[in-house]
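Residue numbers (our numbering), protein chains in the order written: chain U, 9 to 610; chain P, 194 to 801.
What follows is a set of notes on a single structure, which appears directly below.
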């Protein structure tokens, strides 16, 4: 089965080979993210070493205090050794705490930098992926990648990496210190490693399974949440609350059970390590006690050995915690790396030659388009639209008009054939240059959080206030905007709810107007407007479109008033093509359509 | 550096937080309390180990008695094993209650959000809501099932441990305590600072989630204008602000961590010096000194963990604040305590001096609807015509109580709609919106959204309703989709064309078989031919159904028996299409598109 990209996102039953591939992909991503921070990572490690060394010295100094300082003071009244030892103890304490604070700071800023870089990468990738991808992958999933998956990774990076380094070093230091004091105890410790490895292997497999399930359920939860909240009007109007609550509760229960399992797996692993630790301490104590009685081991040394053995298991628990969050994060990384592995089907060329549309001449040669093989939406066709021409695209819903518009606007690439603008193949033009030349205005006039003016500026980011107002005046949006509470500074709130669909279309027209592209494509961009607004836009368009290429899709055939040429489409095929006047006078589909439309106005 | 209003941050803390979690705990409270008890036992056992060690050092080791070594070591091993057992028991005991509380908060939150009125949702982006309903809730779960239990367990362990220190040597214990006092100072300083920071960071991540949501929902616009880069930099700016807050938070934690490690270390150093002096004076045995430090070593990790636990508590606290901000929102649109069911179900709809003003829209802003009075007779189809922004969309949202009137009333079959249960009301009134909201579900489920009665009905029944609605709305194209009516259409039906989505939304309203249909410009995205066919079919439905139809085009107006002209928030005129054409200049201006059309080849039908 396929696990490339987001294909295996909802599966839990991977084969060993698939597991390996997915894991490799996640680790590669993690490496890529951490690589730029190697230097800081190194510094963090150095400070961790320093802090750990200082902390390990603690028990050693106490042991010395008891073994050397105490007899000197008690037997000889000599306080010099203990004073030295205490001074050293204070100094190491400062070092331990100081380095600890420094590496905490360093590792937090490093992990936050990594996370921001990853967020950016996902965001950028989201924008690069083709509309085809977005049409099947829901926004909820992308939000899940950007929120709960990133959070999970954040837990690993902020606490985990320093946990790992500190834990490992602590382990090594402690082991070395232990062996140097008493090699026999070192043997006990070495034996203890065998069961430690065994339970860790078990944990590794069990937790990977559970965390993966937990990611899947959490994503499902987020998808439903986002959809319910964005579609709240429909939810209420059709009384879906109770049913949605049930389905949500079922998803919450799945998620709860998955979460419970992930915690439970760790809940077994952690005390299991504790048991191994206790038995090891007991063994060390047993071995040591007899030697103390025999007189071959100092009491202070025994204390140090016992403390070290106990401390040895402290970092092991840290490592266990690191491993736990690593498992959790890698299941999130699996999803993220899969998402990033998706290749956009519309690709921006590498190092494109600069492009500046001069005429806006569009030529499609032997172009065909299909979403899936053998199911052509647009069978092979050729088309030439001369620069400056205004073309009306007419036909029944589903005839392929929008698809044609989206091909010219490069939302999709043709399955076969090529489209050129002023002689340049669209696929060879850089995105910024292309979007400056060609703009598509669709029926869904989405408004973003921010002011009306911000939304208009989307068409031209550096537009002055005067330009914004001029654009609004030109398309007849000025009056309604100034009637809003804060005029052009009015916040449009969520999805522009207070702004009606017609008003949103006007704002969207302002954007197109201010963007001033060489080729303008309007796909049902006036559908929600009332007739006077539409009339205003028509006259604004007439001015705007002189010397510009325009393709206009509108069911209201009033648009043809400003068109030089009409294309009639039916089932993906252009069935009529000619100057507006000519087609109107003829007896073809267009003249029939136009007559029907005029009758509908009566 | 981000500024944070520290004064506004709530004071601790754990108790107040618990009080707010308890309503969701129910019988699981017992599990949590049991977990704390068990955690105490395991801490007690951990503290018992140094005592046993002391006994070993001062007993068999001093007395050179090998026979006692085995039992002493055995005791230590048993204590350790029990400690592990109780750690396991604590986790298991707390596990299910913790996750259950988490689920209850999630469900309650979702439920509450679904019930909050549309006007609330107009102002809150789903990203912000998600960060509360998901991220904050998870945080609270971690705090409840881990943080609280550990905080209680560790605090008691620290107190107990200090008590044990007293038994070894009161002098040293007091010294240890005095040296530890600065920790409280740094702790409370941290608390004040961190609470505000954590709130600011959580809000910021909510905004980041909103940016993500918008960038996906608005992707077509961004793509069209090539604004992906700008939206990326805006997003990156928000994310960097979040990063900045996290770094400041981390630094605060690092500073606290410094003191929590160093102060006990310093205290121990002082104790070592004084302890050796006491021993030299003969006031302390070696075993006691040994045990004192062994106990103090056990205390180091609970003391150090206080920093993490405190931070977690504060984060959970501000998470709870954020969640309660939602819970505290009152649902203003509710069913009355004693709902009235209209005796008749004829479908008469009356607007009586209806005013509507957007929430928070005070000051110079005029009412969107400013005294609308309109009567729609049973079975009548009333078209509403008005300029863009005249309040048509609000008018259509009022009968189903998506918004409530600011003043005035709306009567359905003679009963004020606020006196009816929402369920009755919304069963009787179905809507098709100007934005065709579809869900990522099958065509069938999308169209039958309002037919809860068909959920458990035989498929043949639902098929009949489905195919009829699809045929009236001219939406038979769905049968050509890969899995027919069982095809899962993408979220918001993004792979469908505007016209196709609109027809599905229309089919949904028709399938609901309501008494009153409210259609907001239902045919705007249809081509002329399809529109004509839909209209012909709709006429049959509308002959028996009361309907309120927002219309922009004469063809849609033709569906109606009468037309109401909405102008500046009032009904300026009511009459048939031809009456209004004859009497109202505003109406003519709004509805006659041919008046100044340049290529007016022949003059028929023009109403200049």
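Don't be surprised by glycine CBs; every beta carbon is placed ideally from N, CA and C.
Item	Value
Between the Cα of residue 670 of chain P and the Cα atoms of P:723, P:327, P:311 and P:776, which residue gives the shortest distance?	P:723
If we count the other Cβ atoms within 10 Å of its Cβ and call it buried at 16 or more, is residue 258 of chain U buried or exposed?	exposed
Just the C-alpha distance for residue 200 of chain U and residue 421 of chain P, rounded to the nearest angstrom, thanks.	56 Å
Please return the same chain residues whose Cβ sits closer than 6 Å to the Cβ of residue 218 of chain P, not counting the five positions on each side in sequence.	294
Could you spell out where the beta strand (DSSP E) holding residue 377 of chain U opens and where it closes?	370-378
On a Cα-Cα basis, can you pick out the residue from P:455, P:456, P:454 and P:484 that is closest to residue 468 of chain P?	P:484
For residue 504 of chain P and chain U, any beta-carbon pair shorter than 8 Å?	no
Grouping DSSP H, G and I as helix and E and B as strand, with all else coil, what is residue 548 of chain P?	strand
Following the continuous alpha helix (DSSP H) through residue 226 of chain U, name the residue where it begins and the one where it ends.	191-238
Tell me whether residue 198 of chain U is buried or exposed, calling it buried when 16 or more other Cβ atoms sit within 10 Å of its Cβ.	exposed
In chain order, what residues of the same chain have a beta carbon less than 6 Å from the beta carbon of residue 103 of chain U, not counting five sequence neighbours either side?	62
Around the Cβ of residue 539 of chain U, are there at least 16 other Cβ atoms within 10 angstroms (buried) or fewer (exposed)?	buried
Where does residue 497 of chain U sit, in a helix, a strand or coil, going by DSSP?	helix
Would you mind reading off the limits of the alpha helix (DSSP H) that contains residue 374 of chain P?	363-410
Within a Cβ cutoff of 7 Å, which residues of the same chain sit near residue 268 of chain P, ignoring the five residues on either side of it in sequence?	245
Any chance the stretch 129-149 of chain U sits against the stretch 309-317 of chain U, with 3 or more Cβ pairs inside 8 Å?	no
Taking its Cβ as the centre, do 16 or more other Cβ atoms sit within 10 Å of residue 464 of chain U, making it buried, or is it exposed?	buried
With a threshold of 8 Å on Cβ separation, who are the neighbours of residue 551 of chain U within its own chain once the five nearest residues in sequence on each side are excluded?	482
What are the start and end residues of the beta strand (DSSP E) that includes residue 760 of chain P?	755-760
Please list the partners that residue 423 of chain P has in chain U, where partner means a Cβ-to-Cβ separation under 8 Å.	466 and 469
Can you give me the C-alpha to C-alpha distance between residue 287 of chain U and residue 38 of chain U, rounded to a whole angstrom?	37 Å
Taking the alpha carbon of residue 87 of chain U as the point to measure from, which residue in P:272, P:758 and P:471 has its own alpha carbon closest?	P:471
Express the C-alpha separation of residue 347 of chain U and residue 412 of chain U in angstroms, rounding to a whole number.	28 Å
Per DSSP, residue 584 of chain U is paired with what?	U:576
Please tell me whether residue 502 of chain U has its Cβ less than 8 Å away from any Cβ of chain P.	Summary for residue 502 of chain U: the model assigns pLDDT 48, below 50, so the residue's position carries little reliability; its value from the coordinates is reported in the next sentence. Closer than 8 Å: yes.
Could you give the residue range of the beta strand (DSSP E) that holds residue 710 of chain P?	709-713
Whether or not the stretch 722-741 of chain P and the stretch 693-709 of chain P are in contact is what I'm after, with contact meaning three or more pairs of Cβ atoms, one per stretch, closer than 8 Å; do they touch?	yes
Hey, out of P:473, P:306 and P:635, whose CA is closest to residue 675 of chain P's CA?	P:635
Counting Cβ pairs, one atom from each stretch, are 3 or more of them under 8 Å apart for the stretch 21-33 of chain U and the stretch 45-65 of chain U?	no
By the three-class DSSP mapping on this structure, what secondary structure does residue 504 of chain U have?	Bear in mind that a pLDDT of 43 at residue 504 of chain U, under 50, signals an unreliable position, so the number given afterwards is only what the model happens to contain. Helix, per DSSP.
So which of U:303, U:428 and U:205 has the shortest CA-CA distance to residue 366 of chain U?	U:428
Quick one: which chain U residues come within Cβ less than 9 Å of residue 624 of chain P?	241, 242, 245 and 246
Please classify residue 85 of chain U: is it buried, with 16 or more other beta-carbons within 10 angstroms of its beta-carbon, or exposed?	exposed
Closer than 7 Å by beta-carbon distance: list the chain P residues that pair up with residue 283 of chain U, in chain order.	274 and 277
Among the candidates U:525, U:424, U:405 and U:431, whose CA atom is the shortest distance from the CA of residue 562 of chain U?	U:405
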